[in-house]
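K.L.:
These protein sequence lines are chains A and B, in that order.
Residue numbers for the first sequence follow full-length UniProt numbering, beginning at 1 and rising by one.
Residue numbers for the second sequence follow full-length UniProt numbering, beginning at 1 and rising by one.
Beta carbons are placed, not taken as given, at the ideal position from N, Cα and C, and that holds for glycine.
None of the values given here were measured: they were computed from a predicted structure.
Protein chains: 2
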Amino acid sequence: MQARPKNRKQQIVDLALELLQTHGFENFSYRDLAGQLGITKASIHHHFPKKADLGVALCQAIQEWHEREFARTRSFSGSAQEKLDLYVRGTLKFACGDTKICPLSSLQADIASLPEAMRPALKRLDDHELDFIAELLDAGRESGEFKFSGSARDQAILFVLTCKGALQYSRVHGSEVFDAAMAQMKAQLLGQ
Amino acid sequence: MQARPKNRKQQIVDLALELLQTHGFENFSYRDLAGQLGITKASIHHHFPKKADLGVALCQAIQEWHEREFARTRSFSGSAQEKLDLYVRGTLKFACGDTKICPLSSLQADIASLPEAMRPALKRLDDHELDFIAELLDAGRESGEFKFSGSARDQAILFVLTCKGALQYSRVHGSEVFDAAMAQMKAQLLGQ
DNA sequence: GTCTATACAGCGATAGAC
DNA sequence: GTCTATCGCTGTATAGAC
Numbered sequence: 001m002q003a004r005p006k007n008r009k010q011q012i013v014d015l016a017l018e019l020l021q022t023h024g025f026e027n028f029s030y031r032d033l034a035g036q037l038g039i040t041k042a043s044i045h046h047h048f049p050k051k052a053d054l055g056v057a058l059c060q061a062i063q064e065w066h067e068r069e070f071a072r073t074r075s076f077s078g079s080a081q082e083k084l085d086l087y088v089r090g091t092l093k094f095a096c097g098d099t100k101i102c103p104l105s106s107l108q109a110d111i112a113s114l115p116e117a118m119r120p121a122l123k124r125l126d127d128h129e130l131d132f133i134a135e136l137l138d139a140g141r142e143s144g145e146f147k148f149s150g151s152a153r154d155q156a157i158l159f160v161l162t163c164k165g166a167l168q169y170s171r172v173h174g175s176e177v178f179d180a181a182m183a184q185m186k187a188q189l190l191g192q
Numbered sequence: 001m002q003a004r005p006k007n008r009k010q011q012i013v014d015l016a017l018e019l020l021q022t023h024g025f026e027n028f029s030y031r032d033l034a035g036q037l038g039i040t041k042a043s044i045h046h047h048f049p050k051k052a053d054l055g056v057a058l059c060q061a062i063q064e065w066h067e068r069e070f071a072r073t074r075s076f077s078g079s080a081q082e083k084l085d086l087y088v089r090g091t092l093k094f095a096c097g098d099t100k101i102c103p104l105s106s107l108q109a110d111i112a113s114l115p116e117a118m119r120p121a122l123k124r125l126d127d128h129e130l131d132f133i134a135e136l137l138d139a140g141r142e143s144g145e146f147k148f149s150g151s152a153r154d155q156a157i158l159f160v161l162t163c164k165g166a167l168q169y170s171r172v173h174g175s176e177v178f179d180a181a182m183a184q185m186k187a188q189l190l191g192q
């Protein structure tokens with residue numbers, strides 16, 4: 001209900017991101033966006049001529065979100081375990097609540113129906129996140145906080161896909177599932 | 001290219017299941033099914049008047065698949081670890097290959113857009129699978145093969161969502177990801 | 001930057017002939 | 001059980017006025 005929205009383009013991306021996390025990229029339309037923003041479909045097309053353009057903008061928004069959160073987590077002064085917790089609860093769980101899934105999980109699930117231009121972007125986003133988590137896990141093992149075998153990269157894959165899977169499961173089965181899975185994984189990471 | 005297909009209905013369900021695993025329930029159409037089966041849309045509607053009917057049939061097909069595979073795994077004479085391996089590789093990975101995801105993961109991702117009638121069915125399917133895995137894990141802990149803390153149910157949640165997440169990740173990033181994640185999880189389950 | 005108007009393909013769905 | 005034909009709606013997309 002703003003008379004003059006500061007940045008319509010950003011507003012559209014924000015709403016599209018939410019619909020991506022709840023319904024998936026192919027399951028929301030320009031009509032949905034227009035309706036909820038109180039403008040017409042043609043206005044959305046003015047900002048993003050093709051839906052693939054909006055899709056690329058979504059990937060960029062996710063990357064900026066990553067960079068913000070990675071920087072915040074890195075600069076947080078605490079143990080490796082606390083940093084990992086900050087990312088899981090303060091970033092992933094915070095961005096999803098009880099009704100949304102991780103935007104990257106949503107894109108992965110629909111990969112075969114996605115516009116061509118979005119696929120390499122998705123792969124880069126996943127890799128970027130894995131690098132970051134591997135860095136945290138490696139530091140935690142160096143400091144003796146974490147116990148795991150194999151490479152930090154492999155453990156990061158396991159860690160990240162478990163978090164994402166837990167978010168997806170908990171949307172259907174209740175958020176206790178998320179807490180249970182995270183507690184279970186944490187215990188193993190700490191060697192208990 | 002069969003002149004007189006024995007069971008068209010089954011044929012439709014089989015193809016729909018494959019499209020569910022690759023594109024998602026809302027991302028395949030009666031047109032896709034008709035085209036690939038060499039008949040018309042109207043013929044599909046004869047077997048499944050509404051798409052929700054097809055959705056319910058898909059859930060039933062998944063349940064029958066579960067019951068078959070659970071029985072096969074239970075009757076397999078081997079250690080708990082070998083049974084778990086049989087389910088992961090002989091059932092889940094076998095049914096998905098390198099290009100498909102678990103049908104239940106697909107339905108979970110699109111839960112918000114799904115026909116009403118499919119949601120309770122999905123929850124039951126997930127629970128059924130968790131019961132089965134919890135049973136295997138519990139037996140394995142009793143026999144001293146597995147080491148984990150907390151309830152077998154909680155560990156089953158962690159185990160299953162990790163398998164599903166690994167299948168989804170590996171479709172985008174290559175099947176080495178699946179092997180790495182499974183090896184990593186197995187090591188933790190065995191207390192190594 | 002937003003609108004009206006329109007185009008056109010695809011969707012799920014139905015009626016009725018064979 | 002399959003077909004042709006058709007319906008109304010929704011999807012993305014474009015042209016052009018304000």
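What residue range is occupied by the uninterrupted alpha helix (DSSP H) comprising residue 81 of chain A?
P.N.:
Residue 81 of chain A -> alpha helix (DSSP H) spans 80 to 85.
K.L.:
When you compare the CB of residue 181 of chain A with every CB in chain B, is at least one pair closer than 8 Å?
P.N.:
It does: the Cβ of residue 181 of chain A has a partner Cβ on chain B nearer than 8 Å.
K.L.:
Could you name the residues of chain A that residue 155 of chain B contacts, counting a contact when the two beta carbons are closer than 8 Å?
P.N.:
Those within 8 Å of residue 155 of chain B in chain A are 184.
K.L.:
For residue 167 of chain A, collect the residues of the same chain with a Cβ closer than 6 Å to its Cβ; drop the 5 residues on either side in sequence, then sort them by chain order.
P.N.:
Here the set comprises 96, 101 and 102.
K.L.:
Can we say the stretch 134 to 154 of chain B touches the stretch 133 to 140 of chain A, given the rule of at least three CB pairs closer than 8 Å?
P.N.:
Taking 8 Å as the limit for Cβ pairs, the verdict is that the stretch 133 to 140 of chain A does not touch the stretch 134 to 154 of chain B.
K.L.:
Roughly how many angstroms lie between the CA atoms of residue 1 of chain A and residue 52 of chain A, to the nearest whole one?
P.N.:
Unreliable placement is indicated for residue 1 of chain A, whose pLDDT of 48 sits below 50; the coordinate value is still reported in the next sentence. Going from the Cα of residue 1 of chain A to the Cα of residue 52 of chain A covers about 28 Å.
K.L.:
Put residue 39 of chain A into one of helix, strand or coil per three-state DSSP.
P.N.:
Looking at residue 39 of chain A - three-state DSSP - the assignment turns out to be coil, as it is neither helix nor strand.
K.L.:
Return helix, strand or coil for residue 116 of chain A, following the three-state DSSP convention.
P.N.:
Here residue 116 of chain A sits in coil by DSSP.
K.L.:
From residue 64 of chain B to residue 132 of chain B, what does the alpha carbon distance come to, in whole angstroms?
P.N.:
Going from the Cα of residue 64 of chain B to the Cα of residue 132 of chain B covers about 14 Å.
K.L.:
Could you say which of B:186, B:57 and B:123 lies nearest to residue 150 of chain A if we only look at CA atoms?
P.N.:
Selected option, being the one with the closest Cα: B:186.
K.L.:
Leaving out five residues before and five after residue 24 of chain B in sequence, what residues of the same chain have Cβ atoms less than 6 Å from its Cβ?
P.N.:
Contacts found: 106 and 110.
K.L.:
In chain order, what are the residue ranges of uninterrupted alpha helix (DSSP H) at least 4 long that sit wholly in the stretch 94 to 172 of chain A?
P.N.:
Here the runs fully enclosed are 103 to 109 and 118 to 142.
K.L.:
Which first and last residues belong to the alpha helix (DSSP H) in which residue 51 of chain B is found?
P.N.:
From DSSP, the alpha helix (DSSP H) with residue 51 of chain B extends over 51 to 75.
K.L.:
Compare the C-beta of residue 26 of chain B against all C-beta atoms of chain A and say whether one is closer than 8 Å.
P.N.:
Closer than 8 Å: yes.
K.L.:
Throw me the rounded Cβ distance for the residue 92 of chain B and residue 108 of chain B pair, which I believe falls under 8 Å.
P.N.:
Incorrect: roughly 15 Å between the Cβ atoms, too far for contact.
K.L.:
Do residue 13 of chain A and residue 61 of chain A have their beta-carbon atoms positioned less than 8 Å apart in this structure?
P.N.:
Yes, Cβ-Cβ distance for residue 61 of chain A and residue 13 of chain A is below 8 Å.
K.L.:
Quick one: measure Cβ to Cβ for residue 190 of chain A and residue 157 of chain A, integer angstroms, because I've assumed they're closer than 8 Å.
P.N.:
The Cβ separation is near 19 Å, so there is no contact.
K.L.:
Could you name the residues of chain A that residue 111 of chain B contacts, counting a contact when the two beta carbons are closer than 7 Å?
P.N.:
Correct list: 171 and 172.
K.L.:
So, is the C-beta of residue 20 of chain B closer than 8 Å to a C-beta in chain A?
P.N.:
Not an interface residue.
K.L.:
Given a limit of 7 Å on CB to CB distance, which residues of the stretch 133 to 164 of chain B reach chain A?
P.N.:
Under the 7 Å Cβ criterion, the stretch 133 to 164 of chain B contributes 149, 150, 154, 155, 157, 158, 161, 162 and 164.
K.L.:
Between residue 53 of chain A and chain B, is there a C-beta pair that is closer than 8 Å?
P.N.:
So no, residue 53 of chain A is outside the interface.
K.L.:
Classify residue 48 of chain A as helix, strand or coil using the three-state DSSP reduction.
P.N.:
Coil at residue 48 of chain A, not helix or strand.
K.L.:
CA-CA distance, residue 112 of chain A and residue 142 of chain B?
P.N.:
Approximately 43 Å between the Cα atoms of the pair.
K.L.:
Who are the Cβ neighbours of residue 22 of chain A in its own chain at under 7 Å, not counting the five residues just before and after it?
P.N.:
Result list for residue 22 of chain A: 99 and 100, in chain order.
K.L.:
In chain order, what residues of the same chain lie with their CB nearer than 7 Å to the CB of residue 88 of chain B, ignoring the 5 residues before and after it?
P.N.:
Around residue 88 of chain B: 163 and 182.
K.L.:
Do residue 33 of chain B and residue 57 of chain B count as a contact pair if the criterion is CB distance below 8 Å?
P.N.:
No, they are not a contact pair.
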